[in-house]
Each structure stands twice: as structure tokens, then as C-alpha cells.
Amino acid sequence: QVADLLSTSPAIKKDRLVVLEDTKHLFAAQNIVPIVASEALNDAVTTTLNKVSAQLTTEDLIDMNEQIAEFVSIDDIAHQWLVKHGFSQ
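In this text, residue positions in the sequence shown follow the working numbering: the first is 1026, and each later residue adds one.
Now the structure itself:
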């Protein structure tokens, strides 16, 4: 059986699915893109977003999506990730 899922689907871990390599590059990348109001954007915000981007992994996103599926608060999920990676206390 074959399924077309998002690479961050919690079903991958939950159902122990095997992720196949897309050697023909048929599927576009699923990039996370920050959207910031221009009046809120400054060097500190840019630096922080770049640091978050450097540490955020597909595995992190799978874990977060799994928690969302279990109805954990999005604020709590984000806070836990930020604490784990040293961005918050």
C-alpha cells in the first residue's frame, strides 16, 4: 500500500510508516515560512526567526502535529519547544 501524506504527519510515527525517498523530486518541499508585519520586523526578530528556523526539524513538526491531534494547546506546544531549545524559560 502507498499513501501520499505530508512529511510532518503524525501518522508516520503512530502507524510506523516508511518514508520513501523522492528520487525524482515529484513532490515540492514543505517549507515553514514566517510571516511578520513589516512594522514589527527588526534585526532582533530576524535573528530570532533565523535561529528558530535553524533548529526546527521535521521530527519536531511531526511531534507537534501529534500533540495537536491529541488536542494539546498550540500555545503549550510552542512554549515547550521554545523552552527545550533555549528560547524561553
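Backbone N, C-alpha and C fix where the C-beta goes; we use that ideal spot for every residue, glycine too. Remember, predicted model here, so these are calculated numbers, not experimental data.
Note down the Cα distance separating residue i from residue j, rounded to an integer number of angstroms.
| i | j | result |
| --- | --- | --- |
| Val1015 | Ala1062 | Residue 1015 falls outside the range modelled here, since the chain spans only 1026 to 1114, and no answer is possible. |
| Leu1066 | Gln1026 | 46 Å |
| Lys1038 | Thr1048 | 22 Å |
| Leu1045 | Glu1064 | 42 Å |
| Thr1072 | Arg1041 | 36 Å |
Compute the distance between the beta-carbons of residue i and residue j, then report whether it is under 8 Å.
| i | j | result |
| --- | --- | --- |
| Glu1091 | Pro1035 | yes |
| Ile1087 | Ile1093 | no |
| Phe1052 | Val1077 | no |
In the structure shown, what three-state DSSP assignment does residue i receive?
| i | result |
| --- | --- |
| Asn1056 | coil |
| Asn1067 | coil |
| Ala1062 | coil |
Compute every distance between the C-beta of residue i and the non-hydrogen atoms of the ligand NAP, then say whether any falls below 7 Å.
| i | result |
| --- | --- |
| Thr1082 | The ligand NAP is not part of this structure, which contains no ligands at all. |
First and last residue of the alpha helix (DSSP H) that includes residue i?
| i | result |
| --- | --- |
| Val1108 | 1099 to 1109 |
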